[in-house]
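Colleague: The numbering used here puts the first residue of the sequence shown at 190, with every later residue one more than the last. C-beta atoms are modelled at their ideal positions from N, C-alpha and C, and glycine is treated no differently.
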Amino acid sequence: MTPPPNDKGIGPPEAWYQDAQPDLSTVIPMRTLTEALDSYVLYHDLAPETAAWYRRIVSVYSGWAGGSVPLADFTGEKISRLLADKAAAGRSPHYVKSLRNGLVAVLRDIRGNAPIERVRAVRCPPLEPEA
190 MTPPPNDKGI GPPEAWYQDA QPDLSTVIPM RTLTEALDSY VLYHDLAPET
240 AAWYRRIVSV YSGWAGGSVP LADFTGEKIS RLLADKAAAG RSPHYVKSLR
290 NGLVAVLRDI RGNAPIERVR AVRCPPLEPE A
């Protein structure tokens with residue numbers, strides 16, 4: 190496609206890239222949080238321990254949500270509710286913050302360049318060094 194010319198004979202930048210966009214109609218979309226995690230692990234250079242950690246936190250979320258989680262149900266609000274429930278159950282603030290950080294990383298990857306919803310903040314007391 191040739192971009193429509195302006196007064197200098199050059200079309201708008203967004204028109205230049207229209208043909209460069211991939212045809213997503215043939216791509217099988219991710220439908221569940223577990224599928225999105227599989228994609229996240231595939232496309233990020235993660236140590237095996239880190240990939241296992243992401244799988245654990247997604248498992249915690251899925252267990253809390255009642256099983257397989259459709260991507261439409263994986264939102265900032267639901268992550269915030271999980272974090273509030275874990276804090277209310279007496280889980281360590283450091284554990285809750287770890288859940289938050291991992292789940293937000295996956296949510297950001299799913300959303301791509303789109304903004305994500307607010308997610309509950311987690312404050313942690315300083316760790317006491319052990320001698």
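Just checking my contact of Leu226 with Arg244 at CB under 8 Å: how many whole Å lie between their CB atoms?
Modeller: Contact holds; Cβ gap of about 7 Å.
Colleague: Just verifying my parser: in three-state terms, what is the DSSP assignment at Thr264?
Modeller: Coil.
Colleague: CB Val247 to CB Leu231, shorter than 8 Å?
Modeller: Going by C-beta atoms, Val247 is not nearer than 8 Å to Leu231.
Colleague: For Leu260 and Leu316, I'd like the C-alpha separation in whole angstroms.
Modeller: Distance between the alpha carbons of Leu260 and Leu316 is about 35 Å.
Colleague: Note down the Cα distance separating Arg280 from Ala320, rounded to an integer number of angstroms.
Modeller: Cα to Cα, Arg280 sits roughly 25 Å from Ala320.
Colleague: With DSSP run on the structure shown, which of helix, strand or coil describes Pro315?
Modeller: If DSSP states are grouped into helix, strand and coil, Pro315 belongs with coil.
Colleague: Would Gly265 and Leu296 qualify as a contact pair, given that the criterion is a beta-carbon distance under 8 Å?
Modeller: Taking 8 Å as the Cβ cut-off, Gly265 and Leu296 qualify as a contacting pair.
Colleague: Run the CB neighbour count on Gly291, radius 10 Å, all protein chains shown included, and call it buried at 16 or more, exposed below.
Modeller: Gly291 is buried by the Cβ-count criterion.
Colleague: Could you tell me which residues DSSP puts in a beta bridge with Pro259?
Modeller: Bridge partners of Pro259: Thr221.
Colleague: Starting from the C-beta of Arg309, find all residues in its chain whose C-beta is less than 6 Å away, skip the five residues before and the five after it, and write them out in chain order.
Modeller: Correct list, in chain order: Ser269, Leu272.
Colleague: Could you have a look at Ile308 and say whether DSSP puts it in helix, strand or coil?
Modeller: Note that residue 308 is Val in the sequence shown, not Ile. Reduced to three states, the DSSP call for Val308 is coil.
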